[in-house]
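So the structure is just underneath, and the comments pick up after that.
Number of protein chains: 2
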Amino acid sequence: MRILYHVPVSAPCHKVRIALGEKKLAYEMKLEKIWERRPDFLAMNPAGEVPVLVEADGKTLCGSQVICEYLDETQPENSLLGTDALQRAETRRLVEWFDHKFYHEVTENLVGEKLMKRILRLGEPDGSAIRAGLTNIHYHLDYIAFLTGHRTWLSGDFCSLADITAAAHLSTIDYLGDVPWDRHPEAKDWYARMKCRPSFRPLLAERIPGSPPPKHYDDLDF
Amino acid sequence: MRILYHVPVSAPCHKVRIALGEKKLAYEMKLEKIWERRPDFLAMNPAGEVPVLVEADGKTLCGSQVICEYLDETQPENSLLGTDALQRAETRRLVEWFDHKFYHEVTENLVGEKLMKRILRLGEPDGSAIRAGLTNIHYHLDYIAFLTGHRTWLSGDFCSLADITAAAHLSTIDYLGDVPWDRHPEAKDWYARMKCRPSFRPLLAERIPGSPPPKHYDDLDF
Numbered sequence: 147m148r149i150l151y152h153v154p155v156s157a158p159c160h161k162v163r164i165a166l167g168e169k170k171l172a173y174e175m176k177l178e179k180i181w182e183r184r185p186d187f188l189a190m191n192p193a194g195e196v197p198v199l200v201e202a203d204g205k206t207l208c209g210s211q212v213i214c215e216y217l218d219e220t221q222p223e224n225s226l227l228g229t230d231a232l233q234r235a236e237t238r239r240l241v242e243w244f245d246h247k248f249y250h251e252v253t254e255n256l257v258g259e260k261l262m263k264r265i266l267r268l269g270e271p272d273g274s275a276i277r278a279g280l281t282n283i284h285y286h287l288d289y290i291a292f293l294t295g296h297r298t299w300l301s302g303d304f305c306s307l308a309d310i311t312a313a314a315h316l317s318t319i320d321y322l323g324d325v326p327w328d329r330h331p332e333a334k335d336w337y338a339r340m341k342c343r344p345s346f347r348p349l350l351a352e353r354i355p356g357s358p359p360p361k362h363y364d365d366l367d368f
Numbered sequence: 147m148r149i150l151y152h153v154p155v156s157a158p159c160h161k162v163r164i165a166l167g168e169k170k171l172a173y174e175m176k177l178e179k180i181w182e183r184r185p186d187f188l189a190m191n192p193a194g195e196v197p198v199l200v201e202a203d204g205k206t207l208c209g210s211q212v213i214c215e216y217l218d219e220t221q222p223e224n225s226l227l228g229t230d231a232l233q234r235a236e237t238r239r240l241v242e243w244f245d246h247k248f249y250h251e252v253t254e255n256l257v258g259e260k261l262m263k264r265i266l267r268l269g270e271p272d273g274s275a276i277r278a279g280l281t282n283i284h285y286h287l288d289y290i291a292f293l294t295g296h297r298t299w300l301s302g303d304f305c306s307l308a309d310i311t312a313a314a315h316l317s318t319i320d321y322l323g324d325v326p327w328d329r330h331p332e333a334k335d336w337y338a339r340m341k342c343r344p345s346f347r348p349l350l351a352e353r354i355p356g357s358p359p360p361k362h363y364d365d366l367d368f
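Chains A and B are the protein sequences, given in the same order.
The opening residue of the first sequence carries number 147 in the numbering used here; numbering runs sequentially from there.
The opening residue of the second sequence carries number 147 in the numbering used here; numbering runs sequentially from there.
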């Protein structure tokens, strides 16, 4: 059985879990306390980060995009990137947008400050970072509305790794109750479609002890 | 003719230029003053960043990794990633390492503070960021030594996108004279091999007016 080393409410871990679900691949999860810097884990991934996926034959893959590209190459059915090179470039452009631009402008400022700092006991959250995250998220939800106004899904006419990546990030912010869905109905419609997918359901059952999500978190009709 | 929108002494732009050189693909360069946020450029890349590559047929590709994956898919000769899925995963792991880990720990702290802040008139460089960059670089040069102690090139037995990405970042820091080559002879040997490649030569002729590089910058026997 393949093993996914993860932490809960982590966008890159959610991304890989949705991708595994879309590919209908079974896996076991192991919580990796990355802050303990366990030597055996650092030997698997010198960057010391999750997700890490260990295949049944022992092959070790580090990082969400490396894992997803590998899964799409070795399990080509239900392509996550697309079949045409230009479509794949557009999917990857949007994956990069959410994994890096959205991450630095939103995820890091909200999940990083509010949740990770508490779990890792790194001190008080930075109020100005939180305000920046809450401001920046509108622009990205508008961009999702713009894209789904022109296309069925974010990168084209199929649910791709771009949708998976965007939804993975938003799921962690939604766990905090910080996504202003009421002001962004088009983005909400798209996220409702993502939430209904069987690949997404396991994330909605995830809980961090002492930090419950808002009531709407696992409600498909939020 | 394909056009590369770029800025000088930029790691992601250098990465694409080396990749185009390795693929023996001709291109024209256009300087894009991204800080002016030109509407026609933002229409091509809503992220407002370089590099952007426009193919002769008008296809537009945004971001260094998107461009390099596209080039490797459409011009498969001299593969930049490798042919086996696990090799490709290892190449992508190291690309990610240098494009993100190295970037945030080193490039941003040195090139961002010393060069970009002056060009963009963003105020005085932050001394503590520069000190962090100068400290962090040793660990990464040690990692290059570790990898090349086990393999011919960073990700295996061929010069891959991992080498190209690492060398692209180091080239921008070497432009500042901030790579402590004397203390890292193994990394220096690997970089000397990169510097000798015809794909690398055009970068060494690049100059920013008013900010010349140190004398050894374009010296193949540095």
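Even glycine gets a Cβ: it sits at the ideal position worked out from N, Cα and C.
All figures in this text were calculated on a predicted structure; none of them were measured in a lab.
Could you tell me the distance, in whole angstroms, from the CA atom of residue i to the CA atom of residue j?
{"i": "B/SER225", "j": "B/LEU307", "result": "9 angstroms"}
{"i": "A/ASN191", "j": "A/ILE310", "result": "23 angstroms"}
{"i": "A/ARG148", "j": "B/ALA172", "result": "44 angstroms"}
{"i": "A/LYS334", "j": "B/ASP365", "result": "56 angstroms"}
{"i": "A/GLU236", "j": "A/GLU223", "result": "19 angstroms"}
{"i": "B/SER301", "j": "B/LEU240", "result": "7 angstroms"}
{"i": "A/LEU316", "j": "A/PRO197", "result": "17 angstroms"}
{"i": "B/GLU251", "j": "A/GLY194", "result": "15 angstroms"}
{"i": "B/ASP186", "j": "B/PRO158", "result": "21 angstroms"}
{"i": "A/GLY204", "j": "B/TYR289", "result": "23 angstroms"}
{"i": "B/TYR337", "j": "A/GLY356", "result": "50 angstroms"}
{"i": "B/ARG277", "j": "A/ASP367", "result": "51 angstroms"}
{"i": "B/GLU259", "j": "A/GLU174", "result": "44 angstroms"}
{"i": "A/SER274", "j": "B/PRO331", "result": "44 angstroms"}
{"i": "A/ALA231", "j": "A/LEU268", "result": "43 angstroms"}
{"i": "A/LEU350", "j": "A/GLU201", "result": "25 angstroms"}
{"i": "B/ASN255", "j": "A/ARG329", "result": "37 angstroms"}
{"i": "B/TYR249", "j": "B/GLY279", "result": "10 angstroms"}
{"i": "A/GLU270", "j": "A/PRO360", "result": "22 angstroms"}
{"i": "B/ALA189", "j": "B/GLY295", "result": "45 angstroms"}
{"i": "A/THR281", "j": "A/LEU293", "result": "20 angstroms"}
{"i": "A/LYS341", "j": "A/THR206", "result": "29 angstroms"}
Can you check whether the CB of residue j is closer than 8 angstroms to the CB of residue i?
{"i": "A/HIS160", "j": "A/ALA314", "result": "yes"}
{"i": "A/VAL257", "j": "A/LEU322", "result": "yes"}
{"i": "B/LYS176", "j": "B/LEU217", "result": "no"}
{"i": "A/LEU199", "j": "A/ILE180", "result": "no"}
{"i": "B/GLN221", "j": "A/GLU242", "result": "no"}
{"i": "B/GLU215", "j": "A/ARG238", "result": "yes"}
{"i": "B/GLY228", "j": "B/SER345", "result": "no"}
Is DSSP giving residue i helix, strand or coil here?
{"i": "B/SER357", "result": "strand"}
{"i": "A/TYR173", "result": "coil"}
{"i": "B/THR298", "result": "coil"}
{"i": "A/LEU207", "result": "strand"}
{"i": "A/VAL257", "result": "helix"}
{"i": "B/LEU398", "result": "This structure leaves residue 398 of chain B out entirely; chain B is present only between 147 and 368."}
{"i": "A/LEU322", "result": "coil"}
{"i": "A/LEU268", "result": "coil"}
{"i": "A/MET287", "result": "The amino acid occupying residue 287 of chain A in the given sequence is Leu; Met does not appear at that position. In the structure shown, A/LEU287 sits in a helix (DSSP, three-state: H, G or I)."}
{"i": "A/LEU150", "result": "strand"}
{"i": "A/VAL155", "result": "coil"}
{"i": "A/VAL241", "result": "helix"}
{"i": "B/LEU366", "result": "coil"}
{"i": "A/LEU349", "result": "helix"}
{"i": "A/VAL162", "result": "helix"}
{"i": "B/VAL252", "result": "helix"}
{"i": "B/LEU199", "result": "strand"}
Nearest CA to the CA of residue i: which residue from the options?
{"i": "B/TYR363", "options": "B/ASP320, B/GLY269 and B/GLU201", "result": "B/ASP320"}
{"i": "A/VAL153", "options": "A/LEU280, A/ILE276, A/ILE265 and A/GLU332", "result": "A/ILE265"}
{"i": "A/ARG339", "options": "A/LEU280, A/TRP181 and A/TRP299", "result": "A/TRP299"}
{"i": "B/PHE304", "options": "B/ARG343, B/GLY269 and B/PRO348", "result": "B/ARG343"}
{"i": "B/ILE354", "options": "B/MET262, B/SER345, B/THR281 and B/GLU242", "result": "B/MET262"}
{"i": "A/ILE164", "options": "A/PRO331, A/ALA312 and A/ARG234", "result": "A/ALA312"}
{"i": "A/GLN233", "options": "B/ASN255, B/PRO348, B/ARG238 and B/CYS208", "result": "B/CYS208"}
{"i": "A/PHE244", "options": "A/ASP272, A/THR229, A/THR318 and A/ILE180", "result": "A/THR318"}
{"i": "B/THR253", "options": "B/PRO358, B/GLU352 and B/VAL155", "result": "B/VAL155"}
{"i": "A/LYS247", "options": "A/ILE283, A/LEU188 and A/THR294", "result": "A/ILE283"}
{"i": "A/LEU287", "options": "A/LEU188, A/ALA189, A/VAL162 and A/VAL325", "result": "A/VAL325"}
{"i": "B/VAL162", "options": "B/PRO359, B/PRO360, B/LYS361 and B/PRO348", "result": "B/PRO348"}
Can you pull the chain A residues whose beta carbon is under 7 angstroms from the beta carbon of residue i, in chain order?
{"i": "B/CYS208", "result": "ARG239"}
Is the beta carbon of residue i within less than 7 angstroms of some heavy atom of the ligand FMN?
{"i": "A/THR220", "result": "Judged by which ligands are present, the structure shown has none, so any question about the ligand FMN falls away."}
Residues of chain A with a CB under 9 angstroms from the CB of residue i: which are they?
{"i": "B/GLN233", "result": "The contacting residues do not exist; B/GLN233 stays about 11 angstroms from chain A at best."}
{"i": "B/GLN221", "result": "Those within 9 angstroms of B/GLN221 in chain A number zero; the least Cβ separation is about 10 angstroms."}
Residue i touches chain B at which residues, Cβ-Cβ below 8 angstroms?
{"i": "A/GLU215", "result": "ARG234, ALA235 and ARG238"}
Kindly list, in the order they appear in chain B, the residues whose Cβ is closer than 9 angstroms to that of residue i.
{"i": "A/GLU259", "result": "Simply none; closest approach about 17 angstroms."}
Which chain B residues sit within Cβ distance under 7 angstroms of residue i?
{"i": "A/ALA193", "result": "TRP243 and LYS247"}
{"i": "A/LYS205", "result": "LEU232"}
{"i": "A/VAL200", "result": "Here the premise fails: no neighbours, minimum Cβ distance about 12 angstroms."}
Select from the region 310-329 of chain B all residues with a C-beta closer than 9 angstroms to any C-beta belonging to chain C, and list them in chain order.
-> Checking the listed chains, one finds no chain C in this structure; the protein chains it contains are A and B.
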